[in-house]
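Read through the structure below, which is laid out as structure tokens, and then see the notes.
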Amino acid sequence: MRSRGYPLQYILGDQPFGDLEILCRRGVLIPRPETESYTYQAAKLLRQMALERKGTSNSPDQARPLRVIDLCTGTGCISLLLHALLAPHFQQLEITGVDISPTALGLAQENLEHNLQLGQLASRAGTDIRFHRADVLGYDSDSSVPSIESILQTKFPNFGTLDALPPDQESGCDLLISNPPYISQREFRNGTTARSVRRFEPKLALVPPYSGSGMEDCMPEDIFYHRILTLAFKLKAKLTVLECGDSHQANRVVALHKRLASAESGQFSADVWPIREQDLADNGFHVTDGSRGVIIQTLR
Amino acid sequence: MLVKSICRSILRPRLGLKLSPLRAVHTASDSALSPALLTRARLLAAEHTKLSERLGESFDAKTAKRAGELAPIANILKEWVNANDSIVELKSLLSDPSTDAELRSLATEDLESSHDALPTISDRLKKALIPRHPFADLPCLLEIRPGAGGDEAGLFAFEMLRMYVAFCSRRGLRPTILKQDTEVGPSDDRLSEAVIEIEANGAYDILRTESGVHRVQRVPATETKGRTHTSAVSVMVLPSFPEDGSEMDSALNFEDPNSDYYIDPQEVRVEKMRAGGAGGQHVNKTESAIRLTHIPTNTVVSMQDERSQQANRRKAWQMLRARLAEARQEAREQELMQLRRGILGGVAKMGRGDKIRTYNFGQSRCTDHRTGITIHNLDSILDGGHGLDTVMESVRTWMADSEVEAMIAEDMAKAKKE
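Line by line, the protein sequences give chains C and W.
Each residue of the first sequence is one higher than the one before, starting from 11 at the first, in the working numbering.
Each residue of the second sequence is one higher than the one before, starting from 28 at the first, in the working numbering.
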């Protein structure tokens, strides 16, 4: 099987991700080591932000849970690792994992229980983490899949209202993180994508569907970012972390964010990560093509 | 003090002969402490009294810690002084002609028991005075690598791996095999390198007796003509630092640039075993090997036992820290040794290159060359059993003795200079 390129993780049934053991099965994307690094970095930034907030204002922050949205969660690896990393530092956590695939959601729930059993997750993870089925793109208005908006409205009462509340108030989302499908039709076919991936991993998780409408002002492989950035504004996300396919795509996403940001949506810092050579080396990225995460922070 | 002067008079003529004066100190009498050691004990006890007084006035964590370290020395010294005083008193009682017979017999009895107690007290004082190894409280890594001897060395290295795993399990030390590389060959029992992590605090102190070259003499399984082969396996015991250095004492905190064990990340080259190309969702690489090179010392650590690169990187860093810390500690000891050697002309020191022990299967014996101890039940050693305990214990005593000898030598040299 292995000689035909069948992924080792599907044969063994799992893949380590941080200190977690993530179960892997046909039909759900296998977690990659780079995603691990982005997740660690996101957790690090959240802790820094919390420390800074404590330093500048005396408002008791403990009353409000830290809210995290993980779009296109797949195996649930990002949501679960974030909980493992953040639980020791935050008394209250609300992590929502979203995916369109019922197979993925089933496996994500299984992974939650599996790692609870292994003792890698605190017991509160069972109630802190919720997985929901939703369509992030929402092209088919008549489909049976709930739209992402309907899910987010239940989580954030102020979702989408354009009131001028400062972003750090009750309503805000602290982290919007996603590793969405980002491979273009061309790169899927021309050999950039490895045969093993092409043949055995779900295309649904790799290549964004063709929109057809042409209404988005971006390349077809970037449509998820367009949607997610729009959602980030509506959610008033303090931190947005997105994994991209290469540094070109990452730079396009930064530019797209600049275009979409309006005057009243606030001030942001949007950067490609990692840039520093030490960060690249520390995270095991290759220097020439490693920088392909986008990190957007809302400035106050 | 009477005993002190006796002690001096015993020592002086022998020192004059310049014939291994250190041996002389020990063979003279174990109950008689060398004057250097005694002086040291007195100085430390005086320091303790001063610190206690200061603590009575105001509390200070650093002072309290130092006082706590010195307290046992001060207490044992007090015991020792009391025992000696009573001996002197009893002797004067006995030599006094006016003492009646009944009292005399009581005094003789007391004198005997005091004499019996003195060696143990001296011994305890001696132990208390030996400076603790800086890594003594740490967990450790134990590396096993076959040396000369080809296949047979690999085979025996594998047996040694089993021996230490069994030893640790029996002593409740929970060994974890971090790395186990075997040679490509017909079977998996030819080790090319293994690293065991023993997470228990103080494991370094227990196992540091094992660092060095172990020699095996036997007719290997691979030998067809029945000849005895000699091969060697090297064992290295390294300190294992916790991942978060800030929990450590400042001297051992490897994240603190002022610490002796600090590693500048800029000086470490990180290599993934496979080069770049498209990443992320495009590929599903299962290679997770990582290699770290500390450029100034050219120390290379590679790790590939875990399926997660993150985990491999963590372990590789742990091993690099351990190796550099051991090397730096060794360099410091070497410096001290040079100093002592310059004064005394040769003090035995076992480095990592020295042959420390022989396992002879033909005679079913194991001899440690440092202490000269021979155990004739080889199985109880290779199973990590009590035989190994006995050997290690003897080495520990030897190490303590040589430490004391070196200290005395140093003090004497200082005194001579003055």
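For every residue, glycine included, the Cβ atom is placed at its ideal position computed from N, Cα and C.
Just so it is clear, the structure is predicted and the values come from calculations on it, not from any experiment.
In its own chain, which residues sit with a C-beta less than 7 angstroms from the C-beta of residue i, not counting the 5 before and 5 after it?
i               : result
T398 of chain W : S421, V422 and W425
R237 of chain C : V146 and L147
S133 of chain C : L126
E186 of chain W : L409
T209 of chain W : D215, R217, L218 and S219
W107 of chain W : I148, S149 and L152
D137 of chain W : L117
Within 10 Å of its beta-carbon, does residue i have 16 or more other beta-carbons around it, so buried, or fewer, so exposed?
i               : result
S391 of chain W : exposed
M11 of chain C  : exposed
I225 of chain W : buried
R36 of chain C  : exposed
G176 of chain W : buried
R242 of chain W : buried
A248 of chain W : exposed
T147 of chain W : exposed
K252 of chain W : exposed
D127 of chain W : exposed
E179 of chain W : buried
E44 of chain C  : buried
G28 of chain C  : buried
P158 of chain W : exposed
E80 of chain C  : With the sequence shown as reference, residue 80 of chain C is identified as Asp, and Glu is not the correct amino acid for it. Its Cβ being crowded by 16 or more others within 10 Å, D80 of chain C is buried.
A241 of chain C : Sequence check: residue 241 of chain C is Leu here, not Ala. With 16 or more Cβ atoms within 10 Å of its Cβ, L241 of chain C is classed as buried.
Q293 of chain W : exposed
In angstroms, rounded to a whole number, what distance separates the CA positions of residue i and residue j?
i               : j               : result
T85 of chain C  : S261 of chain W : 45 angstroms
L405 of chain W : R57 of chain C  : 56 angstroms
V310 of chain W : S206 of chain C : 8 angstroms
L245 of chain C : L239 of chain C : 10 angstroms
D197 of chain C : Q130 of chain C : With the sequence shown as reference, residue 197 of chain C is identified as Glu, and Asp is not the correct amino acid for it. Each residue's alpha carbon lies about 37 angstroms from the other.
S335 of chain W : R262 of chain C : 30 angstroms
S89 of chain C  : T83 of chain C  : 7 angstroms
L152 of chain W : K443 of chain W : 24 angstroms
D87 of chain W  : T76 of chain W  : 15 angstroms
T255 of chain W : D381 of chain W : 22 angstroms
G174 of chain W : V211 of chain W : 17 angstroms
R394 of chain W : G412 of chain W : Looking at the sequence provided, one finds Thr at residue 394 of chain W rather than Arg. T394 of chain W and G412 of chain W: Cα-Cα distance of roughly 16 angstroms.
M28 of chain W  : L117 of chain W : The pLDDT assigned to M28 of chain W is 41, lower than 50, so where the model puts this residue is not dependable; a value taken from the coordinates is nonetheless given after this. Whole-angstrom Cα-Cα distance: 15 angstroms.
K92 of chain W  : L82 of chain W  : 11 angstroms
Q163 of chain C : D138 of chain C : 18 angstroms
D287 of chain W : A184 of chain W : 32 angstroms
R447 of chain W : T385 of chain W : For chain W, the structure presents residues 28 to 445; residue 447 of chain W sits outside this window and is missing.
N111 of chain W : L64 of chain W  : 16 angstroms
V115 of chain W : S79 of chain W  : 30 angstroms
D232 of chain C : R208 of chain C : 19 angstroms
Apart from the five residues on each side of it in sequence, which residues of its chain come closer than 8 angstroms, Cβ to Cβ, to residue i?
i               : result
R341 of chain W : E270
A72 of chain W  : L97, I100, A101, L104 and K105
I317 of chain W : V297, E298, K299, M300, S329, M330, Q331, Q336, N339, R340 and A343
Y20 of chain C  : C34, R35, R36, I40 and F210
F278 of chain C : H267, A271, I306, Q307, T308 and L309
F268 of chain W : L165, M275, L279, F281, Y288, Q345, R348, A349 and A352
S407 of chain W : H413, G414 and L415
H99 of chain C  : R57 and A60
V295 of chain W : L319, T320, H321, I322 and L347
Just to confirm my understanding: we take residue i, look at its own chain, exclude 5 residues before and 5 after, and list those with CB closer than 6 angstroms. What are they?
i               : result
W283 of chain C : G303 and I305
M59 of chain C  : none
F2 of chain W   : Nothing about residue 2 of chain W can be read from this structure; chain W reaches only from 28 to 445.
A302 of chain W : For A302 of chain W, the pLDDT reaches just 46, beneath the cut-off of 50, and the residue's location in the model is therefore unreliable, leaving the point undetermined.
D281 of chain C : I305
L120 of chain W : T126 and A134
V327 of chain W : T320
A155 of chain W : P99, I100 and I103
Hey, residue i and residue j are a contact pair by Cβ (cut 8 angstroms); roughly how many whole angstroms apart?
i               : j               : result
D164 of chain W : G229 of chain W : 6 angstroms
V222 of chain W : L205 of chain W : 4 angstroms
A247 of chain C : L186 of chain C : 4 angstroms
V108 of chain C : L92 of chain C  : In fact, because the Cβ distance is near 14 angstroms, the residues do not count as touching under 8 angstroms.
A227 of chain W : P266 of chain W : Not confirmed; about 13 angstroms, so no contact.
S257 of chain C : S194 of chain C : Rounded, the Cβ-Cβ distance is 15 angstroms, inconsistent with contact.
L252 of chain C : S188 of chain C : 6 angstroms
Item checked: Every unbroken alpha helix (DSSP H) within the region 150-222 of chain W, with a cutoff of 4 residues, ordered by chain -> Listed in chain order, they are 177-197.
Notebook entry, point to check: Which runs of the beta strand (DSSP E) fall wholly inside the region 69-117 of chain C and span at least 3 residues, in chain order?
Noted result: Listed in chain order, they are 76-81 and 103-109.
Checklist line | Segments of 4+ residues assigned as alpha helix (DSSP H) that fall wholly inside the region 75-154 of chain W | finding: For the region 75-154 of chain W, the full-length alpha helix (DSSP H) segments reaching 4 residues or more read 88-122 along the chain.
Notebook entry, point to check: Quick one: complete alpha helix (DSSP H) runs, 4+ long, within the region 192-238 of chain C?
Noted result: Taking 4 residues as the shortest admissible run, the region 192-238 of chain C contains the following complete alpha helix (DSSP H) segments, listed from N- to C-terminal end: 195-199 and 205-210.
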